[in-house]
Amino acid sequence: PQPQGISPQEASNMSDKEKNKLLLMTDGKFNLGGYEPPKKEDKPKPNNNNSNNNSEGGGSFSSNLKPKPKPQPQPQPQPSSPNGGGLSGYFSSGTFDETVPAGEIDVEVVKPTPRPTRRTPRPTKHPKNEIKPDDDVEVAKPPKPTPRPTKRPKNENKPDDNTNTQSENTQSTNGSTGGSGWNFVSSLTDTSTQLDGFESVSTLDWTMPPMDAWERSNTHTSEGGMSLTSGITSDTYYQAGGAPIYSNLTLTTDSSFEGGVLTFMIWAHQLMLPNEVFFVSVDGKVELPPMVTANAAAGGIDGWMEYSVPVGRGERKVTWSHVYNPFGMQSLPPSDGEVGLWMDDVRYAPFTTTARKLDLSQLEMTNGRDGASWQVVDKNRVVASSSDMRREEGNADIQFVLHSQRGGMLKYRVQTSTTAPNDDFAILLNDIVSEAIFGEMFGFEYMLLAVPPGKQVVTLRHRKNPGQFGKSMLGSLGDVGTDGKTWLEDLSFEEN
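Sequential numbering of the sequence shown, starting at 1, is according to our numbering.
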């Protein structure tokens, strides 16, 4: 029987070894249908009964042929189905026929290229020392590992504050500065002037509408025996409908007014939306918004709170407005406490400076009036220490007052060695904490803090145990690795 061409289905059932042998015997063509061997012009083909002249154009091979040049293998067909045409004489069930005489085909079997190793060897932890020890060569020892840093590295940049508290450069509690650049005083000079205490008929230009007008009262006073109360009373709650009710009071300055800050005291317990609001405007622009007054209601000293508004030069109209039901709601929550608003002690203070930038070291400041003091370590630098406070908690305060028309930025340089909650550094504006800093700084850092317009009492405070925790509580937090100190220098104020 004549050998038949090999179909792709049969080729898929062959082993790799069978395919390699068949490749060598058939010039790499597997006797696939459609293949025509190259024609020989010089040498006639030998007559061989085993040649395969398939009608489909299959190739041929003979056991008497000399080996030909190594052919390039062609891509193998992808398997599609195990069924297909069979091979007679040479293959049986996909297995190479062992009846083919061995040794009659002199071919060279090409070995496949070996695969690379799976893993690249890891490098050794330490390179080998190529220098062997002998009598003349000193072997280099491997370097020792770098020691771990200490828990808290020593800060070489801390200012030198080993100054005797009674030396010539040290601020004592009596207010002397000892020749330093800080203007520490025992008490601040009051630069304000009272405009009206409402004790008698006023000489100022006050105006108000006839409805719900303000009037004098002795129910609540911050100083003296009289004050002013707005036209919003408890009767307003019972008689008013769903419309807003305004009680306005206006002060008009004259053309010679030089500008400054007006301060005044307010007593009120009902400044909460949606029932009531209180605000102050200058020439129709709100300078003291309702949010500020509502948050501070029922605070202060005996219920009295101090507020301020900046007023520019020349003729101005300053209006105090107390409003009931500002949103015009048909129903409101019931009142809680005494209804009404009182004002007393209206004062004027000139602006702290007319310059854009102010060096605060020359401004009057108090130092440690109610606690430990900051110590002057040179002409421009002060330091406060928690160790100077004998009790479990305490403060060291520097305090001064700013009167500004547009507000501005408080600029300073600070360095701390503190650990919260044991101690920290804080800045308060009108007794409200606006900034708090703690941690280990390795040098002075430049800081900025926005300061609102009007009167602002600025307190620079080093705090020991500001949360007033118990000694056992603080001890349970572990050892403190800081010095409990704050350094300050280069204070200035730049107006917007």
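The beta carbon of each residue, even a glycine, is placed where N, CA and C say it ideally should be. Quick caveat, the model's predicted, so the values are computed rather than measured.
Closest residue to residue i among the options (Cα-Cα distance)
{"i": "Pro-210", "options": "Glu-393, Lys-471 and Ile-245", "result": "Ile-245"}
{"i": "Gln-399", "options": "Ser-387, Glu-393 and Arg-369", "result": "Arg-369"}
{"i": "Leu-448", "options": "Leu-491, Met-14 and Pro-421", "result": "Leu-491"}
{"i": "Asp-397", "options": "Lys-464, Ser-404 and Phe-351", "result": "Lys-464"}
{"i": "Asn-380", "options": "Val-280, Phe-184 and Thr-354", "result": "Phe-184"}
{"i": "Leu-358", "options": "Gly-407, Met-272 and Asn-13", "result": "Gly-407"}
{"i": "Tyr-322", "options": "Trp-182, Phe-198, Pro-334 and Met-208", "result": "First, the residue type needs correcting, since residue 322 is His and not Tyr in the sequence shown. Closest option to His-322, Cα to Cα, is Met-208."}
{"i": "Tyr-324", "options": "Ser-417, Gly-470, Ala-243 and Gly-181", "result": "Ala-243"}
{"i": "Glu-215", "options": "Ser-247, Phe-279, Gln-9 and Pro-326", "result": "Ser-247"}
{"i": "Met-441", "options": "Met-272, Ser-12 and Thr-482", "result": "Thr-482"}
{"i": "Ser-387", "options": "Gly-241, Lys-19, Val-480 and Glu-494", "result": "Val-480"}
{"i": "Ser-230", "options": "Pro-289, Thr-319 and Lys-285", "result": "Thr-319"}
{"i": "Phe-493", "options": "Trp-267, Asn-422, Ala-240 and Ser-361", "result": "Ser-361"}
{"i": "Arg-413", "options": "Val-401, Tyr-446 and Ile-432", "result": "Tyr-446"}
{"i": "Asn-496", "options": "Ser-476, Lys-411, Ser-417 and Ile-432", "result": "Lys-411"}
{"i": "Trp-267", "options": "Thr-353, Gly-284, Val-292 and Asp-302", "result": "Asp-302"}
{"i": "Ala-213", "options": "Ser-200, Ile-232 and Gly-224", "result": "Ile-232"}
{"i": "Met-272", "options": "Lys-285, Gly-284 and Val-292", "result": "Val-292"}
Other residues of its chain near residue i: CB distance less than 8 Å, five sequence neighbours each side excluded
{"i": "Val-383", "result": "Pro-159, Asp-161, Trp-374, Gln-375, Val-377, Lys-485, Thr-486, Trp-487 and Leu-488"}
{"i": "Asp-254", "result": "Asp-205 and Glu-315"}
{"i": "Thr-177", "result": "Here the model assigns Thr-177 a pLDDT of 45, short of 50, so the residue's position is not dependable, and the following value carries that caveat. The answer, listed in chain order, is Gln-171, Asn-183, Phe-184 and Val-376."}
{"i": "Gly-371", "result": "Met-389, Gly-394, Asn-395, Ala-396 and Asp-397"}
{"i": "Phe-257", "result": "Val-311, Arg-313, Gly-314, Glu-315 and Arg-316"}
{"i": "Lys-471", "result": "Glu-392"}
{"i": "Ala-240", "result": "Tyr-324 and Asn-325"}
DSSP bridge partner residues for residue i (one or two, in chain order)
{"i": "Asp-212", "result": "Looking at the DSSP assignment, Asp-212 forms no beta bridge with any residue, so it has no partner."}
{"i": "Asp-397", "result": "Arg-461"}
{"i": "Val-311", "result": "Gly-260"}
{"i": "Arg-413", "result": "Tyr-446 and Glu-489"}
{"i": "Trp-320", "result": "Leu-249 and Val-280"}
{"i": "Ala-240", "result": "The partner list for Ala-240 (beta bridge, DSSP) is empty, contrary to what the question assumes."}
{"i": "Gln-456", "result": "Leu-402"}
{"i": "Leu-288", "result": "Val-280"}
{"i": "Lys-357", "result": "Glu-494"}
{"i": "Ile-266", "result": "Met-305 and Met-343"}
{"i": "Ser-227", "result": "Ser-217"}
{"i": "Trp-206", "result": "Leu-251"}
{"i": "Leu-514", "result": "Residue 514 is absent from the structure shown; the chain starts at 1 and stops at 496."}
{"i": "Arg-381", "result": "Asp-378 and Glu-489"}
Whole-number beta carbon distance between residue j and residue i, since they are thought to touch under 8 Å
{"i": "Phe-438", "j": "Thr-459", "result": "Rounded, the Cβ-Cβ distance is 17 Å, inconsistent with contact."}
{"i": "His-269", "j": "Phe-351", "result": "Actually they are not in contact, since the Cβ atoms of His-269 and Phe-351 sit about 33 Å apart, beyond 8 Å."}
{"i": "Arg-313", "j": "Val-282", "result": "About 12 Å separates the two Cβ atoms, so there is no contact after all."}
{"i": "Glu-364", "j": "Thr-189", "result": "6 Å"}
{"i": "Ser-217", "j": "Ser-227", "result": "6 Å"}
Proximal residues to residue i (C-beta, below 6 Å), its chain only, five neighbours per side dropped
{"i": "Ser-222", "result": "Met-265, Trp-304, Asp-344 and Asp-345"}
{"i": "Ser-192", "result": "Arg-347 and Ala-349"}
{"i": "Thr-252", "result": "Asp-205 and Lys-317"}
{"i": "Ser-417", "result": "Glu-440, Thr-482, Asp-483 and Lys-485"}
{"i": "Pro-290", "result": "Val-277 and Phe-279"}
Within 8 Å, strictly: CB atoms of residue i and residue j
{"i": "Pro-274", "j": "Leu-332", "result": "yes"}
{"i": "Leu-262", "j": "Trp-206", "result": "no"}
{"i": "Gln-194", "j": "Arg-347", "result": "yes"}
{"i": "Arg-461", "j": "Leu-428", "result": "yes"}
{"i": "Phe-444", "j": "Gln-415", "result": "yes"}
{"i": "Ala-436", "j": "Ala-426", "result": "yes"}
{"i": "Ala-349", "j": "Gly-260", "result": "yes"}
{"i": "Val-311", "j": "Ala-294", "result": "no"}
{"i": "Val-309", "j": "Gly-454", "result": "yes"}
{"i": "Asp-424", "j": "Pro-466", "result": "yes"}
{"i": "Leu-474", "j": "Asn-430", "result": "no"}
Residues near residue i by beta carbon distance below 7 Å, same chain, minus five either side
{"i": "Gly-337", "result": "His-269 and Gln-270"}
{"i": "Ser-202", "result": "Asp-196"}
{"i": "Phe-327", "result": "Pro-274"}
{"i": "Lys-17", "result": "none"}
{"i": "Gln-468", "result": "Glu-393"}
{"i": "Ser-187", "result": "Thr-366"}
{"i": "Phe-198", "result": "Arg-216, Met-226, Ser-227, Leu-228 and Asp-344"}
{"i": "Ser-434", "result": "Ile-427, Leu-428 and Leu-449"}
{"i": "Glu-287", "result": "Val-280, Ser-281, Val-309 and Pro-310"}
{"i": "Tyr-237", "result": "Ser-335 and Val-339"}
{"i": "Ser-385", "result": "Gly-484 and Lys-485"}
Heavy atom of the ligand FAD within 7 Å of residue i beta-carbon
{"i": "Ser-387", "result": "In terms of ligand content, the structure shown is empty, and the ligand FAD therefore cannot be addressed."}
CB contact check: residue i to chain C, cutoff 8 Å
{"i": "Leu-188", "result": "Absent from the structure is chain C; it holds one protein chain and no more."}
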